[in-house]
Amino acid sequence: MLEISDLAAAYSGIRALKGVSLNVAQGEMVALIGPNGAGKSTLLNTISGLVRKSAGSIRFEGRDLAGMSAYQISRIGLLQVPEGRQILGDLSVQENLQLGTTALHHRATTHTLERIHDLFPILAERRDQRAGSLSGGQQQMLAIGRALMGAPRLLLLDEPSLGLSPLMAHQVLTALRRLNAEGLTILLVEQNARQALKSTHRAYLIEQGLVVKEGRSDELSQDSGVIAHYLGQAAGAASH
Ligand SMILES: Nc1ncnc2c1ncn2[C@@H]1O[C@H](COP(=O)(O)OP(=O)(O)OP(=O)(O)O)[C@@H](O)[C@H]1O
Ligand SMILES: [Mg+2]
345 MLEISDLAAA
355 YSGIRALKGV
365 SLNVAQGEMV
375 ALIGPNGAGK
385 STLLNTISGL
395 VRKSAGSIRF
405 EGRDLAGMSA
415 YQISRIGLLQ
425 VPEGRQILGD
435 LSVQENLQLG
445 TTALHHRATT
455 HTLERIHDLF
465 PILAERRDQR
475 AGSLSGGQQQ
485 MLAIGRALMG
495 APRLLLLDEP
505 SLGLSPLMAH
515 QVLTALRRLN
525 AEGLTILLVE
535 QNARQALKST
545 HRAYLIEQGL
555 VVKEGRSDEL
565 SQDSGVIAHY
575 LGQAAGAASH
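Taking the working numbering, the leading residue of the sequence shown gets 345, the next gets one more, and so forth.
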């Protein structure tokens, strides 16, 4: 579904991506893990057209995304839940969800409001409240709901559990697993490598703008280098 080859991107000459190749097949849930500053957000933002690539190619369902702007990319169903959620705090929960439909253009809805409310009941309960009054975890659910309103074919998420309590982070990841089980293809950036590897089929480890490891998530979680650098000593105990 998504085929990225030798992708490079830079900020004022500083190279943030140095030739990244990565694939996501339809139906997969794939994690992108790596330390601060590795280039994870840059990669997502380059896919979604917010950052311009300097080399390489991005193909989505066979179509080269070169030259497409962010809004055009959103309209073919490649939708991003941005780092930090970026909900509009002064609008109601319901209005934030409705904003997501701008990505539909002439495509059919895949996730109705009812379906999103079933996934995140809090968004129904709080529909008329200011979005800014929600807790961080609820705002993250809203940001995911907003993307679902735009009928994603591939959903990109940038650290959806960042800053959330362990319970909230667990709820958000559980919802993502459910969405994937229902057929949605997901590329998930996650700094919590343990959670990410537990929740996904495959993963890429990115460091300093390069993919340094890739494989099945269950295999990567057994990799000594990944354990030493990303899973810590509790890895064995936590992998039950
Ligand atoms: N707008 C920008 N202008 C200049 N440099 C940037 C910009 N955004 C990111 N960078 C730099 O590009 C590199 C990759 O950053 P990026 O945000 O993609 O990393 P990340 O893996 O998402 O990190 P984090 O885990 O902190 O979110 C870093 O060196 C960062 O300082
Ligand atoms: Mg980031």
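Note that beta-carbon positions come from the ideal geometry of N, C-alpha and C, so glycine has one too.
*Own chain partners of Thr-445 with C-beta closer than 7 Å, once the 5 adjacent residues on each side are dropped*: By one-based count along the sequence shown, residue 445 stands at place 101. Counting only Cβ-Cβ distances below 7 Å, and skipping sequence neighbours, we find Met-493, Gly-494.
*With Lys-384 as the anchor, note down where its alpha helix (DSSP H) starts and where it stops.*
To locate residue 384, count along the sequence shown from 1; it is residue 40. Its alpha helix (DSSP H) spans residues 384 to 391.
*asked:* With distance defined between alpha-carbon atoms, name the residue in Ala-399, Ile-377, Leu-376 nearest to Asp-357.
replied: The count along the sequence shown starts at 1 and reaches residue 357 at position 13. Before going on, a small fix: residue 357 reads as Gly here, not Asp. Gly-357 has its Cα closest to that of Ala-399, out of Ala-399, Ile-377, Leu-376.
*Output the boundary residues of the beta strand (DSSP E) element that contains Tyr-375.*
Translated into the one-based positions of the sequence shown, residue 375 becomes position 31. Rather than Tyr, the amino acid found at residue 375 in this sequence is Ala. It spans 373 to 377 - the beta strand (DSSP E) in which Ala-375 sits, taken as one unbroken run.
_Ile-420 in three-state terms, based on DSSP_ = Position 76 of the sequence shown holds residue 420. Note: Ile-420 maps to coil in three-state DSSP.
*Verify the CB distance criterion: does Gly-480 have a CB-CB separation below 7 Å to chain C?*
You won't find chain C in this structure, because it holds only one protein chain.
*From Gly-580 to Glu-372, what does the alpha carbon distance come to, in whole angstroms?*
On the sequence shown, residue 580 is found 236 positions in, with the first residue counted as 1. On the sequence shown, residue 372 is found 28 positions in, with the first residue counted as 1. Only weak support is given to the placement of Gly-580: the predicted model assigns it a pLDDT of 41, under 50, and the question is left unresolved by the model.
_Nearest-angstrom Cα separation, counted from Leu-351 out to Lys-397_ = Here residue 397 is taken as the residue at index 53 of the sequence shown, counted from 1. Here residue 351 is taken as the residue at index 7 of the sequence shown, counted from 1. Those two C-alpha atoms are separated by around 7 Å.
*With hydrogens ignored, establish whether the beta-carbon of Thr-384 is closer than 6 Å to any heavy atom of ligand 1.*
Residue 384 sits at position 40 when you count from the first residue of the sequence shown. For the record, residue 384 in the displayed sequence is Lys; it is not Thr. Correct: Lys-384 has its Cβ closer than 6 Å to ligand 1.
*Just the Cα atoms here: how many angstroms apart are Gln-482 and Ala-475?*
As a first step, residue 482 is located in the sequence shown; it is residue number 138 there, counting from the start. As a first step, residue 475 is located in the sequence shown; it is residue number 131 there, counting from the start. Between Gln-482 and Ala-475, the C-alpha separation is close to 9 Å.
_Lys-397, DSSP secondary structure in three states_ = Within the sequence shown, numbered from 1, the residue matching residue 397 stands at position 53. The answer is coil: DSSP assigns Lys-397 none of H, G, I, E or B.
*asked:* Restricting to Cα atoms, I'd like to know which of Pro-504, Gly-489, Ser-505 is closest to Asn-440.
replied: Taking the sequence shown and counting its residues from 1, the one referred to as residue 440 is at position 96. When only C-alpha atoms are compared, the closest one is Gly-489.
*asked:* Only counting the same chain, and skipping five residues up and downstream in sequence, which positions put a Cβ closer than 6 Å to that of Ser-418?
replied: On the sequence shown, residue 418 is found 74 positions in, with the first residue counted as 1. Excluding sequence neighbours, Ser-418 sits near Ala-447.
_Environment of Gln-416 [buried if 16+ CB atoms lie within 10 Å]_ = Locating residue 416 in the sequence shown gives position 72, counting from the first residue. Under this definition Gln-416 is an exposed residue.
*Return the CA-CA distance between Met-412 and Gly-393, expressed in angstroms with no decimal places.*
Here residue 412 is taken as the residue at index 68 of the sequence shown, counted from 1. Here residue 393 is taken as the residue at index 49 of the sequence shown, counted from 1. The alpha-carbon atoms of Met-412 and Gly-393 are separated by roughly 7 Å.
*Leaving aside the five residues before and after Glu-551 along the sequence, list all residues of the same chain whose C-beta is less than 6 Å from its C-beta, in chain order.*
Within the sequence shown, residue 551 is the residue found at index 207, counting from 1. Counting only Cβ-Cβ distances below 6 Å, and skipping sequence neighbours, we find Gly-378, Ala-382.
*asked:* Assuming Lys-384 and Leu-554 are in contact, meaning their beta carbons sit under 8 Å apart, how far apart are those beta carbons, in whole angstroms?
replied: To locate residue 384, count along the sequence shown from 1; it is residue 40. To locate residue 554, count along the sequence shown from 1; it is residue 210. With a Cβ gap of about 12 Å, Lys-384 and Leu-554 do not count as contacting.
*asked:* Let's test the definition: count the other Cβ atoms within 10 Å of the Cβ of Glu-526 and tell me whether it reaches 16, buried, or not, exposed.
replied: Within the sequence shown, numbered from 1, the residue matching residue 526 stands at position 182. So Glu-526 ends up on the exposed side.
*Given a threshold of 16 other Cβ atoms within 10 Å of its Cβ, counted over all protein chains shown, does Ala-353 qualify as buried or as exposed?*
Position 9 of the sequence shown, counted from the start, is the residue given in the question as residue 353. Classification of Ala-353: buried, given that the 10 Å Cβ count is 16 or more.
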